[in-house]
Amino acid sequence: MGATAEQYLRQLDTGRRPDLPETTAGTLRLDFRDDGSTDHWYLTIADQQVRVTRSADDAELVVRADRAVFDRMARGELHPGAGLLRNELTVQGNMQLLMLLRRIFSGPVGARHPQELGRAALVGRAATTARNERS
Amino acid sequence: MHVIAGNLFAISDAQGDIEADPQAPLGLFAYDTRFLSHWVLRIDGERINALSRDDLTYFETRFFLVPGAASHYVDADVSIIRHRSVHDCLHENITVLNHSSQPAEFTVRMEMASDFTDIIEVGQLRQRAVEVSADPASQRLVLRYQRDRFVRETTVRSTAPAEVDEQGMTFRIRIEPDGKWETDLHVSATMGGEDGRDLRADLQSHQQTVRTGMREDLVQWLDRAPQLVAERKGLEELYRGSLADLAALRYKPLSYRERVPIGGLPWSMGLCGRDALITCLQTMAFTPELAPATLRMLALMQGGQLDDALDEEPGKILAQLRYGETGAFSDRASALYYGAADTTPLFVVLLDEYERWSGDADLVRELRHPARMALDWIDEYGDLTGDGYLRYQRRNERDGTVNQCWKDSPDAIVDSRGRQPAFPRATCELQGYAYDAKRRGARLAREFWGDPAYADRLEREAAALKERFNRDFWMPHREYYALALDPYGEPVDALASNIGHLLWSGIVEDDRAEAVAEHLVGPRLFSGWGVRTLASGQRTYNPVGAHLGAVWPSDNALIAAGLRRYRLDAQAARIADGIFDMAQTLGGAAPEMIAGYERSLTTFPVQLATSCRPQAWSSGALLMLLGTMLGLRPTGDNLLVNPAVPEGFGRLELLDIPGRWGHSDAYARDRTTERRHRLR
Numbered sequence: 092m093g094a095t096a097e098q099y100l101r102q103l104d105t106g107r108r109p110d111l112p113e114t115t116a117g118t119l120r121l122d123f124r125d126d127g128s129t130d131h132w133y134l135t136i137a138d139q140q141v142r143v144t145r146s147a148d149d150a151e152l153v154v155r156a157d158r159a160v161f162d163r164m165a166r167g168e169l170h171p172g173a174g175l176l177r178n179e180l181t182v183q184g185n186m187q188l189l190m191l192l193r194r195i196f197s198g199p200v201g202a203r204h205p206q207e208l209g210r211a212a213l214v215g216r217a218a219t220t221a222r223n224e225r226s
Numbered sequence: 265m266h267v268i269a270g271n272l273f274a275i276s277d278a279q280g281d282i283e284a285d286p287q288a289p290l291g292l293f294a295y296d297t298r299f300l301s302h303w304v305l306r307i308d309g310e311r312i313n314a315l316s317r318d319d320l321t322y323f324e325t326r327f328f329l330v331p332g333a334a335s336h337y338v339d340a341d342v343s344i345i346r347h348r349s350v351h352d353c354l355h356e357n358i359t360v361l362n363h364s365s366q367p368a369e370f371t372v373r374m375e376m377a378s379d380f381t382d383i384i385e386v387g388q389l390r391q392r393a394v395e396v397s398a399d400p401a402s403q404r405l406v407l408r409y410q411r412d413r414f415v416r417e418t419t420v421r422s423t424a425p426a427e428v429d430e431q432g433m434t435f436r437i438r439i440e441p442d443g444k445w446e447t448d449l450h451v452s453a454t455m456g457g458e459d460g461r462d463l464r465a466d467l468q469s470h471q472q473t474v475r476t477g478m479r480e481d482l483v484q485w486l487d488r489a490p491q492l493v494a495e496r497k498g499l500e501e502l503y504r505g506s507l508a509d510l511a512a513l514r515y516k517p518l519s520y521r522e523r524v525p526i527g528g529l530p531w532s533m534g535l536c537g538r539d540a541l542i543t544c545l546q547t548m549a550f551t552p553e554l555a556p557a558t559l560r561m562l563a564l565m566q567g568g569q570l571d572d573a574l575d576e577e578p579g580k581i582l583a584q585l586r587y588g589e590t591g592a593f594s595d596r597a598s599a600l601y602y603g604a605a606d607t608t609p610l611f612v613v614l615l616d617e618y619e620r621w622s623g624d625a626d627l628v629r630e631l632r633h634p635a636r637m638a639l640d641w642i643d644e645y646g647d648l649t650g651d652g653y654l655r656y657q658r659r660n661e662r663d664g665t666v667n668q669c670w671k672d673s674p675d676a677i678v679d680s681r682g683r684q685p686a687f688p689r690a691t692c693e694l695q696g697y698a699y700d701a702k703r704r705g706a707r708l709a710r711e712f713w714g715d716p717a718y719a720d721r722l723e724r725e726a727a728a729l730k731e732r733f734n735r736d737f738w739m740p741h742r743e744y745y746a747l748a749l750d751p752y753g754e755p756v757d758a759l760a761s762n763i764g765h766l767l768w769s770g771i772v773e774d775d776r777a778e779a780v781a782e783h784l785v786g787p788r789l790f791s792g793w794g795v796r797t798l799a800s801g802q803r804t805y806n807p808v809g810a811h812l813g814a815v816w817p818s819d820n821a822l823i824a825a826g827l828r829r830y831r832l833d834a835q836a837a838r839i840a841d842g843i844f845d846m847a848q849t850l851g852g853a854a855p856e857m858i859a860g861y862e863r864s865l866t867t868f869p870v871q872l873a874t875s876c877r878p879q880a881w882s883s884g885a886l887l888m889l890l891g892t893m894l895g896l897r898p899t900g901d902n903l904l905v906n907p908a909v910p911e912g913f914g915r916l917e918l919l920d921i922p923g924r925w926g927h928s929d930a931y932a933r934d935r936t937t938e939r940r941h942r943l944r
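Same order as they appear, the protein sequences are chains A and B.
Residues 92 to 226 in this note's numbering are what the first sequence lists, from first letter to last.
Residues 265 to 944 in this note's numbering are what the second sequence lists, from first letter to last.
Listed below in structure tokens is the structure:
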């Protein structure tokens, strides 16, 4: 099992994130639902940086879900868009900020780079050729 | 019979009734889900029969009906009018008229049910437990389906008093002589969100939906587009019809505030990256407002991570967005899917093209980051084997798309003997798009992003790609470009329409363009109506195979534009002429494709059952062909008009073409009328 969303946010790199558009800025509040209580995480995004604080203040986008749903998103197992369609998470406000969570959280473990497939195809061919030459 | 409002649409039989049919997507659909699968009107227990129908607009239809079968309605002294319209919900006004001199009593019954099928499952229905609650006190019937937290709900309300039961509503009515009775049925489709509210209620993007009249909206849409004055009979109607189709095929995604084009009725009523991008490119001179909305929406959904299930990579532009149950739960292809190798370069092509027309430099600056990510994607993730070509191979082997190019059926990419190449595949048109994207990216970097070094780099890369491509794809003894290269660099030698896209992108060496053009309008590729996807004589050629021989207007529109780019005007005119003949012969919206049979053999265009109609990039194709005949091209702050009109079109005027020049007019006439004119 990878990290939980909470661990992920605590350790989030506060440096520049080149994968975030420099023209996007906004505030997101993530409401983690536990049995009977709610934990608030507040994300401020500006200049390709993400600042994480604990606050229940209003934000431009509020995302609510069970803690386990956030954990799955943080590990890249659940795309925020799919979570919304399944109604596992609910959002209020500026939806455009929701898609940033995909980049702020990590991608799924074990995903392959497309060039791995390309290299495998070439290696496979080389092996076949070598076999044919030997026989 | 259909009415459409974006991705909410209803398809019924000629009576206006809906009965689920595994062969056809009948029903009321919204966000890829069927909200009504049964909607049948009876009078005194009898089914009704249509006398006539009046399609008022794409979102509104009136059915004129009488009880009973066609054989015995002659003396009917009762008639029924169903007036149906859609916008964010479905409305049906039912009026019953008593034409006799006596008061009459009737039992009007509307049968109602829903199966909440995901549209991609219409052919293979599965049983869903649907909860029905009849609420006679408020004249309301609620149909509800739930899976975990996923809720879809249909609510039917009547304005007239009704007896509500779990299968529908009954109205026991008495109508005075020459009198009438009516009710309004409102059917709303809800996607469950927080606390049972529709999830759209909490989205800013969907709160400003001031429900301006649909009618007004359509009038304004048509008003904003240029006006066509054409001598050729039927052309003006075809033009206005295409514009209306494009108006119908717009919807507002959940995450976005403006409307973007959707694929086509009925199978792709959601955002398809490729269709949307091509549609915007086709309609730039006519309905440019589609482009910024599409660019912004696609930028928002741009890939951010490596994900095998979604075939996603950072910077990649979306292939498809689905809202149905199977997508949400990844039972089948996922809600967001990125398996397309062409959408990312086309995104850059569209951004540049839009600026050339509109002069909207702010948008180019706003979208610098996503455009740069898209350009980076081409080399970092799109070049799979390291040979400098854009390739694809799916990582989601369960339900990912096999061929991630516009010819996306699994058997579309074959050599002349029908053999399928290994993966990853580099189809030729992808190289053209990549070349075009780099050249246009260079212009944007130099003129708007203040990055001349990057512009130089892109230009060098583009030049190298063109040179490499013309060496590796060109087959000298056949005088055309290979359809693709396999991973080892071997050409896939089929003769296919893809070579026409190469002209459109400008990657063809000047001295080879004519040979390519002769193939395109030659007997193997050209059917008489248009260019076939695959040439006759290839082993797997099949005139009714979508990508193995059928003729697509969208494909042909790009090819004709490419021919004109290389000044091959006569060949371009032949294609434009054939496609317009086809569209006018069929009447109505241009189909997604027609069979590739020889025109002289069938004399009538043969439509294919799986084809979508209306289809955004087919309606867009007709507009693009018009623009190509007129030779519209922005140069600096002016609109250049350089006509090459096929014979028989006569005079052609396109007035008030919007762009950075304000509004401009284009006048043209075909050569025969030109000569006639001069003789006078």
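Just so it is clear, CB atoms sit at the ideal spot from N, CA and C, and this is done for glycine as well.
Helix, strand or coil at residue i [DSSP, three-state]
{"i": "glutamine 472 of chain B", "result": "Per-residue confidence for glutamine 472 of chain B stands at a pLDDT of 49, beneath the threshold of 50, marking its modelled position as unreliable; the derived number appears in the next sentence. Note: glutamine 472 of chain B maps to coil in three-state DSSP."}
{"i": "leucine 767 of chain B", "result": "helix"}
{"i": "histidine 347 of chain B", "result": "strand"}
{"i": "arginine 915 of chain B", "result": "strand"}
{"i": "methionine 561 of chain B", "result": "helix"}
{"i": "glutamine 577 of chain B", "result": "Residue identity differs from the one stated: residue 577 of chain B is glutamate in this sequence, not glutamine. Correct three-state label for glutamate 577 of chain B: coil."}
{"i": "glutamine 584 of chain B", "result": "strand"}
{"i": "methionine 92 of chain A", "result": "Residue placement at methionine 92 of chain A is flagged as unreliable, the pLDDT there being 47, under the threshold of 50; a coordinate-derived value is accordingly withheld."}
{"i": "tyrosine 618 of chain B", "result": "helix"}
{"i": "glutamine 668 of chain B", "result": "coil"}
{"i": "serine 673 of chain B", "result": "coil"}
{"i": "serine 598 of chain B", "result": "coil"}
{"i": "glutamine 279 of chain B", "result": "coil"}
{"i": "phenylalanine 299 of chain B", "result": "strand"}
{"i": "glycine 926 of chain B", "result": "strand"}
{"i": "arginine 496 of chain B", "result": "coil"}
{"i": "proline 109 of chain A", "result": "coil"}
{"i": "isoleucine 542 of chain B", "result": "helix"}
{"i": "isoleucine 858 of chain B", "result": "strand"}
{"i": "asparagine 906 of chain B", "result": "coil"}
Closest residue to residue i among the options (Cα-Cα distance)
{"i": "glutamate 619 of chain B", "options": "B/Asp296, B/Asn902, B/Ile268 and B/Ala284", "result": "B/Asn902"}
{"i": "aspartate 263 of chain B", "options": "B/Thr797, B/Thr866, B/Cys544 and B/His450", "result": "Outside the modelled stretch of chain B, which goes from 265 to 944, sits residue 263 of chain B, for which no answer is possible."}
{"i": "valine 815 of chain B", "options": "B/Glu495, B/Arg776, B/Gly852 and B/Pro869", "result": "B/Pro869"}
{"i": "glutamine 388 of chain B", "options": "B/Thr590, B/Ala885 and B/Leu654", "result": "B/Thr590"}
{"i": "tyrosine 1015 of chain B", "options": "B/Arg636, B/Ala746 and B/Asp459", "result": "Given that chain B is displayed from residue 265 to residue 944, the structure contains no residue 1015 of chain B and the question cannot be resolved."}
{"i": "aspartate 148 of chain A", "options": "A/Phe161, A/Leu121 and A/Pro109", "result": "A/Leu121"}
{"i": "leucine 850 of chain B", "options": "B/Gly623, B/Gly537 and B/Leu502", "result": "B/Leu502"}
{"i": "serine 364 of chain B", "options": "B/Ala314, B/Leu510, B/Phe370 and B/Asp442", "result": "B/Asp442"}
{"i": "alanine 592 of chain B", "options": "B/Val415, B/Gln835, B/Gly270 and B/Leu887", "result": "B/Val415"}
{"i": "glutamate 929 of chain B", "options": "B/Phe913, B/Gly912, B/Glu911 and B/Pro907", "result": "Note that residue 929 of chain B is aspartate in the sequence shown, not glutamate. Nearest C-alpha to aspartate 929 of chain B: B/Pro907."}
{"i": "tyrosine 699 of chain B", "options": "B/Gln684, B/Ala676, B/Lys671 and B/Tyr653", "result": "B/Tyr653"}
{"i": "isoleucine 858 of chain B", "options": "B/Gly813, B/Asn271, B/Thr547 and B/Leu766", "result": "B/Gly813"}
{"i": "asparagine 762 of chain B", "options": "B/Pro807, B/Glu693 and B/Trp738", "result": "B/Glu693"}
Anticipated Cβ contact below 8 Å, residue i with residue j, distance rounded
{"i": "histidine 204 of chain A", "j": "leucine 570 of chain B", "result": "6 Å"}
{"i": "tyrosine 656 of chain B", "j": "alanine 605 of chain B", "result": "4 Å"}
{"i": "proline 817 of chain B", "j": "alanine 853 of chain B", "result": "Not quite, the Cβ-Cβ distance comes to about 10 Å (not below 8 Å), so this is no contact."}
{"i": "leucine 767 of chain B", "j": "alanine 701 of chain B", "result": "About 16 Å; that fails the 8 Å criterion."}
{"i": "aspartate 828 of chain B", "j": "alanine 834 of chain B", "result": "Strictly speaking, residue 828 of chain B in this sequence is arginine, with aspartate absent from that position. Not confirmed; about 10 Å, so no contact."}
Margin query: Output needed in chain order: residues of the region 395-417 of chain B with a Cβ under 7 Å from some Cβ in chain A.
Written below: Going along the region 395-417 of chain B in chain order, one finds Asp412, Arg413, Phe414 and Val415 with a Cβ nearer than 7 Å to chain A.
Check: Going along the region 178-190 of chain A in order, which residues come within less than 8 Å of chain B, judged by CB to CB distance?
Finding: So the close ones are Asn178, Glu179, Thr181, Val182, Gln183, Gly184, Asn185, Met186, Gln187, Leu189 and Met190.
Check: Which runs of the beta strand (DSSP E) spanning at least 3 residues fall entirely within the region 429-491 of chain B, listed in chain order?
Finding: Every beta strand (DSSP E) of 3 residues or more that sits fully in the region 429-491 of chain B is shown, in chain order, as 432-439 and 444-455.
Next item on the list: Can you check the region 739-795 of chain B for any alpha helix (DSSP H) of at least 4 residues that lies completely inside it and give the ranges in chain order?
Entry: Within the region 739-795 of chain B, the complete alpha helix (DSSP H) runs of at least 4 residues are 762-769 and 774-784.
Note to self: To test your reading of the DSSP string, which unbroken alpha helix (DSSP H) runs of 4 or more residues are found completely within the region 647-735 of chain B?
What the structure shows: For secondary structure counted as the alpha helix (DSSP H) over 4 or more consecutive residues, the region 647-735 of chain B holds these complete runs in sequence order: 692-711.
Margin query: Which residues of the region 907-926 of chain B have a Cβ closer than 7 Å to any Cβ of chain A? Give them in chain order.
Written below: Answer in chain order: no residues at all.
Checklist line | Interface positions of the region 163-176 of chain A facing chain B (Cβ-Cβ less than 8 Å), listed along the chain | finding: Taking 8 Å as the Cβ-Cβ cut-off against chain B, the residues of the region 163-176 of chain A that qualify are Gly167, His170, Gly172, Ala173, Leu175 and Leu176.
Item checked: Whole runs of the alpha helix (DSSP H) within the region 135-216 of chain A, excluding any shorter than 4 residues -> Segments of the alpha helix (DSSP H) lying fully in the region 135-216 of chain A: 158-165, 171-176 and 191-195.
Next item on the list: Note down, in chain order, all residues in the region 438-449 of chain B with a beta-carbon under 8 Å from any beta-carbon belonging to chain A.
Entry: The region 438-449 of chain B vs chain A, Cβ under 8 Å: nothing.
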